[in-house]
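Undergrad:
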Amino acid sequence: MSSALVVRGGWEGHRPVETTELFLPGLRAAGFDLTISDDLAIYEDAAKLNDFDVIVQCWSIGELTEGQCAGLVNAVRSGVGFAGWHGGVLGTFVTSRDYLRMIGGQFLYHQPDFVDYEVNIRADHPIVAGIDDFAVHTEQYWLITDTHNDVLATTVVHPAPGEEFTEDVVMPVVWTRQWGAGRVFVSAIGHRPLDLRQPEVASLTLRGLTWAARR
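Here the sequence shown is numbered in my numbering, starting from 1 and rising by one per residue.
1) Check for me: the beta strand (DSSP E) holding ILE144 runs from which residue to which?
2) Whole angstroms are fine: how far does the CA of TYR43 sit from the CA of GLN57?
3) Roughly how many angstroms lie between the CA atoms of GLU139 and ASN74, to the nearest whole one?
4) Report the residue from GLY13, TRP142 and GLY79 whose alpha carbon sits nearest the alpha carbon of VAL252.
5) Cutting at 7 Å between CB atoms, please list the residues of its own chain near LEU108, excluding the five before and the five after it.
6) Three or more C-beta pairs closer than 8 Å, one from the stretch 103 to 119 and one from the stretch 186 to 204: is that the case here?
7) Is there contact between the stretch 33 to 52 and the stretch 62 to 72, where contact requires at least three CB pairs shorter than 8 Å?
8) Pick out whichever of THR20, LEU24 and ARG177 has its Cα sitting closest to the Cα of ASP150.
9) Return helix, strand or coil for SER193, following the three-state DSSP convention.
10) With DSSP collapsed to three states, give me the class of ASN149.
11) With DSSP as the reference, please indicate the residues paired to ALA294 in a beta bridge.
12) Using only the alpha-carbon positions, how far apart do SER78 and THR210 sit?
13) Taking the CB atoms as reference points, tell me whether VAL186 and ASP195 lie closer together than 8 Å.
14) Classify THR147: buried if its beta carbon has 16 or more other beta carbons within 10 angstroms, exposed otherwise.
And the structure:
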């Protein structure tokens, strides 16, 4: 049986318990034995981390100690998968540079209100297989990323009235990344449970969590 560590906590606005609970039945059905942690101290236990096949994280607006960051990134480098969504991976640990390099992106900005936007599938990949372009109504993340990401889906950010930028910007939404021997999956969608219950989002997110697991 495979094993997954679910690390959840931080800012309650992203509902870390409720959102991660949405995916626990699917992970169990996929053959994962689950361990839940609400304490980042688990990232310091190298021996324990290396027993897992994937780490699923939902921890927004947090900080890692040097030891926690080193433990996490080294575990992924050795082959443990890492996966998550929205602020639980992209809006957290902003002072931990190795963590940010590992996930390949950082949240910068979203408009004050939810917006309607389209998610455009851009890759032939098992995570998005059979999923067509789809629309969502939620936060649209503006991110800093790099070209080491294998981008599976994008969106177009349209300028809001009065903004400094007046042209559309294509922004990644879903990607994978390799960190040493470890697979990384990141999705920018998932501000609230309703977003993650949308069928397309639910499917690609669960697929991403299982895809990232160590082979």
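By construction, the Cβ of each residue, glycine as well, lies at the ideal position given by its N, Cα and C atoms.
Because the structure is a prediction, the values reported are computed rather than measured.
TA: Concretely, from the data shown:
1) Translated into positions along the sequence shown, residue 144 becomes position 144. Unbroken beta strand (DSSP E) run through ILE144: 142 to 145.
2) Numbered from its first residue, the sequence shown carries residue 57 at position 57. Numbered from its first residue, the sequence shown carries residue 43 at position 43. Cα-Cα distance, rounded: 11 Å.
3) Residue numbering aside, residue 139 sits at position 139 when the sequence shown is read from its first letter. Residue numbering aside, residue 74 sits at position 74 when the sequence shown is read from its first letter. Going by C-alpha positions, GLU139 is about 32 Å away from ASN74.
4) Outside the displayed span of the chain (1 to 215) sits residue 252, for which this structure offers no information.
5) Here residue 108 refers to the residue found at position 108 when the sequence shown is read from its first residue. Only TRP142, LEU143 and ILE144 meet the Cβ criterion.
6) Segments in contact, yes.
7) Yes, the stretch 33 to 52 touches the stretch 62 to 72.
8) For the purposes of this step, residue 150 is taken as residue 150 along the sequence shown, with counting starting at 1. Ranking THR20, LEU24 and ARG177 by CA distance to the CA of ASP150 puts ARG177 first.
9) Sequence index remark: in the sequence shown, residue 193 carries index 193 (1-based). A quick correction: the sequence has Pro, not Ser, at residue 193. Correct three-state label for PRO193: helix.
10) For the purposes of this step, residue 149 is taken as residue 149 along the sequence shown, with counting starting at 1. Residue state, collapsed to three classes: coil.
11) As shown, the chain starts at 1 and ends at 215. That puts residue 294 outside it, with no answer to give.
12) The sequence position of residue 78 within the sequence shown is 78, counting from 1. The sequence position of residue 210 within the sequence shown is 210, counting from 1. The C-alpha of SER78 lies about 17 Å from the C-alpha of THR210.
13) What you label residue 186 is simply residue 186 of the sequence shown in a count that begins at 1. What you label residue 195 is simply residue 195 of the sequence shown in a count that begins at 1. Cβ atoms of VAL186 and ASP195: not closer than 8 Å.
14) The sequence position of residue 147 within the sequence shown is 147, counting from 1. The C-beta of THR147 has fewer than 16 other C-beta atoms within 10 Å across all chains shown, which makes the residue exposed.
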